[in-house]
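Protein chains in written order, with our numbering: chain A, 23 to 315; chain B, 64 to 390; chain C, 1006 to 1243. Quick reminder that beta carbons are idealized off the backbone N, C-alpha and C, glycines included.
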C-alpha cells in the first residue's frame, strides 16, 4: 500500500471516528431527553453552537485556557437547563401529545437563538477557531494527527463510555430507563418521574454542550453548524430509535464514517442529503427505529 | 339553530368581504401600505389552507411553503416561456397540489410529531432543490423583475386592481373553507383529527379524507404562491423556506386553529409584522420565535379558540410510550 | 339451517414469534348472542381486531353475511354492518354528544331515520346531554354514547369489548338490562370478564386460552365445565 493511500485511509478513519463520537454524543443527549420527557429538542443544534461560541468567547475574548473554558461552559449548561425547565419545559409534562408542543416550542427557541447569533457573533466573524488545548502532533505511521484532535476524540469516547455505564449501572440510569419504558408503571414503583424528567433534561443538555465544546476544540466552525447538527442529531435519533442510547451510539458512529467517506468524493451537502433520505425511509417504514427496545 | 349559525357566518363573511375590499381602496393613496394589505390578504388565503390541514385535520405540514414555492416557480417558468399568467396560474397551482398530495402520503402512516418531522424533512429537501437546480430557479440569487399578469387588452394587472383581486381571492378562500367545514367533509376531517381509528370504525375512509384535505390545502398554498409571485416581483428559496411554513402555522395557531376566523385574524395581525420591523430587520427572527413560544405556552387554543371553552384533556389518555405517535 | 352471520375459520395471528391466536374457529348465527371469555392476554381483543379489520391475520378466513371480510379496510367492514366498541371507552371527547352522533351518521351505509335516532337517544337516556361535551360525561354515559353511535348506523352485528368495564355494580345491572334489550335490535358479540353478563346475556360461550379455543357451548354447560373452571374461573372471580 502506498503512503498516499494509507494517509487517505487513516485520515478517513480518524475523521470518521472523530465526527462519529461527536455525533453520537449529541444524539445521545437528544435521545435521553426524548426518551424520558418525550421532548424532541429541535434547538439541539443551536445549543451545540451556543456551547461552541461560548468556548470561543471565553478563550479568544477573555483569554481563558481552553480546557478551563470548556469545563466552565459545560458547567454553565446546568443552570441554563434548570432555568428552561422551570420556566418552559415543566408546563408541558402532562399535556397530551406533548412531543409536538415541544417540537414547536424548540423551533421557537431555535429561531430566537439563530436570530441572536446572527446579530452578534455573525457580525463579528465568519469562521471561529479556538486555540488548541494540547499542542503537538502525533504520527501514526506516515499520518500526522494533531494531539488536540486526538485528545478531543478520547475525551468524547470516554464521556460516551461513562454515559453508557451511568445509564446501565447507576440507580439514576435504571430509574431513567424505567421512565423511558413506561412512566405510569415507573411512578407506581415509586420513581420520582418529574425529578427524572428534570435530571434527564439537565443531563441531556450537558451532553449536547459537551459535544459542542469538543467540536469547537477540534475544528473551526461557522454558524451553519447549528442547522447541520440539528438535522444530523435528529436523523441519528430517528434511525437509531427514539430513546435508544445504543442506537444513537451506533448510528452516530456510522454517520461519522459516512460523512468522512462521502467528503472524499463529494460535498458534505451530499452527506446531509443521505441523512435526510435515510431518516425519511425509516420514518415511513420503521418509525420505531432500528434499535427500538 | 344550525340555520342561525349559518346566518351569522354569512354576515361575518359579508363583513370580512367588506373590509377586504375597503382596506385596499382606503389605502390606495399610499402604495406601501396598500402593498402590506395585499401581502396580508395572500396570507389570509394561506392561513385558511393551513387551517384546513392543521386546524381541522390535525396535521402540521411544515412543507406548506415549499408547496407554495413549487407553484410559484412553475408560474414564473411557464410565463417566461410565453404562457399567459392566467393559464400558468391554474396549471402551477394544480401541479403544486398534486405534489402536495404525494408529499402528504406519509400522513397516511404517520401522526402528530412524526408527521411534522417528516414534513420538515420534505420542506428541507424542497428548499435544497430550489437552491440546487440553478438553471430553473437561479439558485440562492433568486428571480427578480417577474412580469405582472396581463389583462385582456394588453394592460398589466397592478396597483389597486391587483389588491382587489387578492381581496377577492381571500374572500373566496374563506368562503370555500366555510362551505367545506360545514359539510360532511368537515365533520369527517374533525373525526380524523380527534381519533382516526374511531373514525374508521364508524365507516369514515380516513385515507381518502386525508388525501382530499391535502389536495385542497395545497391548492390554497399553490394559488396563493402563484398570485404572490408577480405581486412581489421577486422570489428566492428563502421566500418559501421552513420559516415561512412556520410563520403561516403561527398565524393559524395564534388566531385559533379549527375556527374559521381565528386564522384570518392571525394572518391580519402577523402578516404585517415583518414590514413594521423593517428597520429592525435583524430581530425579526427573535420576535417570531418569542411569538411561537408565547402562543404555545399562553394561548394553545389561539385568540379565538381561547374564547370558546374547551374541556380539560383527560390525563389518562396521554400516551406514555415512545413511538406512540406512529402507527 | 341457514349460513352463520359471522364465520371465522382457522384464524391464526402471530406477532413475530408470539402466537396470539391459533386456529380459532368461531361461528355466530344471526340473532344469536355470543359471549367470549378467557384470561387476560388470551387473545380476545386480538380476535375482535382481526374480525373488524384492524389487524390482518397470519392465516384463516372470515365471512360476514356470506361475504369474505379479510383484506377489507375497517371502514368498509363498518359499511358491511359489522361494528365494535373498545375496551377503554372511546368517543370524540372534545365534541358534543350531538356532534358525536352526527359524526357516526355521516358515513353510515344505512343510517337510522331521524325519528329512529331520537328513539334510540331516548332509549339510552342521553336526551338531556346532547349539548354536553362527550369528554365531560360519566363513564356510564360514555359507554351508552358509544353504543348509540353504533346503533344509529343500523349494524347487523355489534362486537362489545368489555361493555361493563369500570362501571359500578348498580350501573352494571342497568347496562345488562340495556344489553338484553339491544339483542332485539341487532346481533351481539360480547367479550366480558364479569360472569354475570355472560350468564344473563349469552346464548353460547366461546372460551379462549392462550390463543386457542378450548370450549364452545351454552353458558350453563361451559361455566360448569371442569376444564374451564380449572383454567380460568378457578383463578378469576366467578
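Bridge pairing for residue 148 of chain A: absent [DSSP]. Note: residue 1032 of chain C is bridge-paired with C:1012 in the DSSP secondary-structure output. Residue 1039 of chain C is a Cβ neighbour of residue 1194 of chain C, given a cutoff of 8 angstroms. Shortest Cα-Cα distance from residue 31 of chain A to any of A:229, A:167 and A:222 involves A:167. Residue 1169 of chain C and residue 51 of chain A have their alpha carbons spaced roughly 45 angstroms apart. Closest option to residue 175 of chain A, judged by alpha-carbon separation, among A:43, A:126 and A:29: A:43.
For residue 172 of chain B, there are no C-beta contacts with chain C under 7 angstroms, since the nearest C-beta of that chain is about 14 angstroms from it. For the segment 234-301 of chain B, the full-length alpha helix (DSSP H) segments reaching 4 residues or more read 247-257, 259-264 and 269-295 along the chain. Identification of chain A residues near residue 309 of chain B by a Cβ-Cβ cut-off of 9 angstroms yields 126, 129, 130 and 133, ordered along the chain. By the CB criterion at 8 angstroms, residue 226 of chain A and residue 74 of chain A fall outside the cutoff. In this chain, residue 1197 of chain C is not harboured by any beta strand (DSSP E), its DSSP state being neither H nor E. Residues of chain C whose Cβ lies closer than 9 angstroms to the Cβ of residue 251 of chain B are, in chain order, 1108, 1111 and 1112. A contact is defined here as three or more CB-CB pairs under 8 angstroms, and the segment 337-349 of chain B fails this definition with respect to the segment 104-119 of chain B.
Annotation: residue 274 of chain B has no Cβ neighbours in chain A at a cutoff of 9 angstroms; minimum Cβ distance is about 16 angstroms.
Here DSSP, grouped into helix, strand and coil, assigns residue 322 of chain B to coil.
For residue 160 of chain B, the three-state secondary structure derived from DSSP is helix.
Checking the DSSP bridge columns, you'll see residue 1026 of chain C partnered with C:1018. Counting only the Cα atoms, residue 1214 of chain C lies some 6 angstroms from residue 1043 of chain C.
If you compare the alpha carbons of C:1109, C:1159 and C:1103 with that of residue 1139 of chain C, the shortest gap goes to C:1103. By the beta-carbon neighbour count (other beta carbons within 10 angstroms, threshold 16), residue 73 of chain B is exposed. Residue 1205 of chain C and residue 1036 of chain C have their alpha carbons spaced roughly 16 angstroms apart. For residue 1068 of chain C, the enclosing beta strand (DSSP E) has its first and last residue at 1064-1069. Burial of residue 1126 of chain C is indicated by the presence of at least 16 other C-beta atoms within 10 angstroms of its C-beta.
The distance from the Cβ of residue 229 of chain B to that of residue 105 of chain B is about 6 angstroms, consistent with a contact at the 8 angstroms cut-off. Among the residues of the segment 340-360 of chain B, those with a Cβ less than 9 angstroms away from any Cβ of chain A are 345, 346, 347, 348, 349, 350, 351, 352, 353, 354, 355, 356, 357, 358, 359 and 360, in the order of the chain. For residue 193 of chain A, no beta strand (DSSP E) run applies; the uninterrupted alpha helix (DSSP H) run containing it begins and ends at 193-203, by DSSP. The Cβ atoms of residue 1016 of chain C and residue 1053 of chain C do not sit closer than 8 angstroms to each other. In the DSSP assignment, residue 166 of chain A falls within the beta strand (DSSP E) that extends over 165-168. Under a criterion of Cβ atoms nearer than 8 angstroms, no residue of chain C is adjacent to residue 316 of chain B; the nearest Cβ is some 17 angstroms distant. For residue 1218 of chain C, the three-state secondary structure derived from DSSP is strand. In the structure shown, the three-state DSSP call for residue 206 of chain B is strand. Between residue 1041 of chain C and residue 1181 of chain C the beta-carbon gap is near 17 angstroms, outside 8 angstroms, which marks them as no contact.
Separation of residue 284 of chain B and residue 137 of chain B (C-alpha to C-alpha, rounded to the nearest whole angstrom) is 13 angstroms.
When Cβ-Cβ separations below 8 angstroms define contact, residue 1197 of chain C makes no contact with chain B. Separation of residue 1172 of chain C and residue 1009 of chain C (C-alpha to C-alpha, rounded to the nearest whole angstrom) is 32 angstroms. For the pair of segments examined, the segment 273-290 of chain A was found not to touch the segment 228-243 of chain A: the number of CB pairs separated by less than 8 angstroms stays below three.
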